[in-house]
Amino acid sequence: MKFSLRTSDIEELIYEQDLLTSPLSCEENPNPKFELDIGFMKGAMEAQVFEDYYFHQAELISNSDLKFYTSGDKPCVEIHFHLQGCGRGKWKGFKDETIIAQGEYNIFYSPEPQGVFETEANVMQKVFEINLMPENFIKMAKTCGNLFHRFIKDIEAERPSMLVAGNLPISPSMQMVLFQMMNSSFEDPLRIIYFQAKVYELLTLIAGELQLDKPLFSFGKEDEDKLYFAKEQLIKNVANPPSLSELAKISGLNEFKLKKGFKEIFGNSVFGYLLDFKLEKAKQLLVNPSLSIGDVAFLTGYKNQGHFTTAFKKKYGVTPNFIKQN
């Protein structure tokens, strides 16, 4: 995997490192480490290399906005945990950009792993990534039943894919496993057994969070349809949403069922879901050069641009202006 850094303004190449040409080529150094100190940027990277997968952790901070370019010569499944900071990326084959914030994770499949990841100046970035060969991921994921069924189908069809459209929060249990992996002192052959067990443990925790192998809700079909109708009413009226009582009335549900159903089916409160939707929509609108930040704030229901900026930065870790300029 080749890794290079460029400034965000003139895209001048400032650093390049072939982190892992191939896991098989690193048998003599299964735990490569790199220190970076190039004036305006400091950090460290470390990997744990195995026959058909590797782990990579990095901690970087710079006084300039940066673009991180990565490229690989083989299809790859990446489990990405963003432990600190926030960034935005665009990967080959994916239609939309991805913004991933502190405390979030996702799983990506890239038939051609090439992309660029941008970060903001003076913000510490700390990430932990697990990169697996697709066939190895499928073998491990299938031990969780049908939880990863759709994602596996995309891999088998060689379609670029991510586990979920939005990112998921890193749970305390996952944080504990990641801490153990980042601080392990095992050497081969125990190192191999230990890390493989930890990957299985993480996949089990992810599967448990998703709960895709059983009904996500305890409502009947009629109430389920009403909840989806209520969600659509929120989305259609994002700039001027109905109150909770109004939404209950137009959907034909009482407020208790409405609140309980939203939490159970959509994983959020009614207005927590609306806030996430508004900010996700804002993120997409910000890349439109014909819309100002004020326009985006208005279109997503914010009367005060300052309130919009505060909410956006709290959600994504960067300001709307950072998205706009990049």
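Every letter in the sequence shown is one number past the one before it in the numbering used here, and letter 288, counting from 1, is 1306. Using N, Cα and C, we set each Cβ at its ideal position, and we do this for glycine too. Since we're looking at a predicted model, the values are computed, not measured.
In the displayed model, Phe1058 falls within coil according to three-state DSSP, outside both helix and strand. The C-beta distance from Asn1164 to Tyr1072 rounds to 27 Å, too long to fall under 8 Å, and the pair is not in contact.
The Cβ atoms of Glu1250 and Leu1262 lie no closer than 8 Å to each other. Going by beta carbons, Trp1109 and Ser1128 fall inside the 8 Å limit. Ranked by how close their Cα comes to the Cα of Gly1290, the residues Glu1174, Leu1252, Phe1155 and Lys1267 have Leu1252 in first place.
Put simply, of Gly1061, Gly1121, Phe1058 and Gln1066 the residue whose alpha carbon is nearest the alpha carbon of Pro1050 is Gln1066.
Bridge partners of Gly1133 according to DSSP: Thr1088 and Trp1109. Following the DSSP letters along the chain, one finds Asn1339 inside the alpha helix (DSSP H) bounded by residues Pro1338 to Gln1343. DSSP places Ile1268 in the helix class (H, G or I) of the three-state scheme. The three-state secondary structure of Glu1077, taken from DSSP, is strand. The beta carbon of Met1063 sits closer than 6 Å to the beta carbons of Phe1052 and Ala1076 from its chain, once the five residues preceding and following it are set aside; these are given in chain order.
Apart from sequence neighbours up to five positions away, the residues of its chain that approach Ile1118 with a beta-carbon distance below 6 Å are His1100 and Asn1185, ordered along the chain. For Gln1102, the enclosing beta strand (DSSP E) has its first and last residue at Cys1094 to Gln1102. DSSP places Ile1283 in the helix class (H, G or I) of the three-state scheme. Here the C-alpha atom of Gly1105 lies approximately 10 Å from the C-alpha atom of Ile1341. As the crow flies, the alpha-carbon of Gly1324 is around 41 Å from that of Cys1094.
Taking C-alpha positions only, Ile1097 is separated from Asp1243 by approximately 33 Å. Between the segment 1121-1137 and the segment 1169-1187, the count of Cβ pairs shorter than 8 Å is three or higher; the stretches touch. In this structure, Glu1138 lies near Val1336, with their beta-carbon atoms less than 8 Å apart. Under the three-state reduction of DSSP, Ser1191 is assigned to helix.
For the pair Phe1135 and Phe1086, the CB atoms are nearer than the 8 Å cut-off. Within the model, the alpha-carbon separation for Glu1264 versus Leu1271 is close to 10 Å.
Within the model, the alpha-carbon separation for Leu1220 versus Ser1308 is close to 43 Å.
For the set Pro1190, Ala1225 and Phe1146, the Cα lying nearest the Cα of Arg1168 is the one of Ala1225.
Contact annotation: Lys1277 and Ser1269 have beta-carbon atoms that are not nearer than 8 Å. In the three-state scheme derived from DSSP, where H, G and I count as helix and E and B as strand, Leu1220 is classed as helix. Just measuring C-alpha positions, the residue of Asp1070, His1074, Lys1331 and Asp1055 sitting nearest Glu1298 is Lys1331. In this structure, DSSP gives Met1180 an extended state, which the three-state scheme calls strand.
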